[in-house]
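Read through the structure below, which is laid out as structure tokens, and then see the notes.
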Amino acid sequence: VKATLNTFCKRGGKFLPGRSMPWEEVLADMNKGVLEAYLLANVHVLRLLQEQKEILKLDANFFRS
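Here our numbering is used: position 41 in the sequence shown is 46, and no number is missing along the way.
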């Protein structure tokens with residue numbers, strides 16, 4: 006059985022009020038959050054370079070902590 010995510014968020018062709026957001030908005034917000042995380046990581050690395058401190062590995066654990 007195949008179904009799209011929109012199928013679960015719509016009833017009668019309309020989005021359910023208070024239950025979900027249009028996927029375009031959700032994806033735009035997620036992309037903005039990812040971009041901001043990368044920018045913050047870059048600023049952090051630049052600060053470490055200026056202070057001549059060790060740069061730790063930027064892996065998934067770095068972004069989770």
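We put the beta carbon where it would ideally sit given N, CA and C, even for glycine.
Which same chain residues end up closer than 8 Å to residue i when comparing Cβ atoms and leaving out the 5 residues on each side of it in sequence?
i          : result
residue 68 : 42, 46
residue 66 : none
residue 50 : 60, 63
What is the rounded straight-line gap between the Cα of residue i and the Cα of residue j?
i          : j          : result
residue 33 : residue 54 : 32 Å
residue 28 : residue 60 : 37 Å
residue 39 : residue 56 : 26 Å
residue 37 : residue 58 : 29 Å
residue 48 : residue 30 : 27 Å
Using C-beta distances below 6 Å, list every residue in its chain close to residue i, excluding the 5 sequence neighbours before and after it, in chain order.
i          : result
residue 52 : none
For residue i, name the three-state secondary structure that DSSP assigns.
i          : result
residue 29 : helix
residue 62 : coil
residue 55 : helix
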